[in-house]
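Okay, so here's the structure we're looking at.
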Amino acid sequence: MSVLPDYAVAEDLAAGRLVQVLPEWALPSGGIHAVFPTARFRPAKVRAFVDLLQETAAGAARLGRLI
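If you're matching positions, the sequence shown starts at 1 in UniProt numbering and goes up one per residue.
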């Protein structure tokens, strides 16, 4: 069993490779937090990852889906 976002499993659900077990159950809404030390120099990889999280969360919120 796993909790996965709709966009990640839609194709497999449609093809019958996955079966939704508890369709009436949902996770409580919450947030995503990125915690990293404050520093003058932040590695580009960290900045890119935080930017990706922000973009992904904003896109999911527009679609009304959980990430």
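Cβ atoms here follow ideal geometry from the backbone N, Cα and C, with glycine treated the same way.
Keep in mind it's a predicted model, so treat the numbers as computed, not measured.
Does residue i come out as helix, strand or coil in the three-state DSSP assignment?
i	result
Arg47	helix
Glu11	helix
Gln20	coil
Ala58	helix
Leu53	helix
Inspect the beta-carbon positions of residue i and residue j and report whether they are closer than 8 Å.
i	j	result
Leu4	Ile32	no
Val50	Ala34	yes
Express the C-alpha separation of residue j and residue i in angstroms, rounding to a whole number.
i	j	result
Val19	Trp25	14 Å
Val46	Ala58	18 Å
Tyr7	Phe36	28 Å
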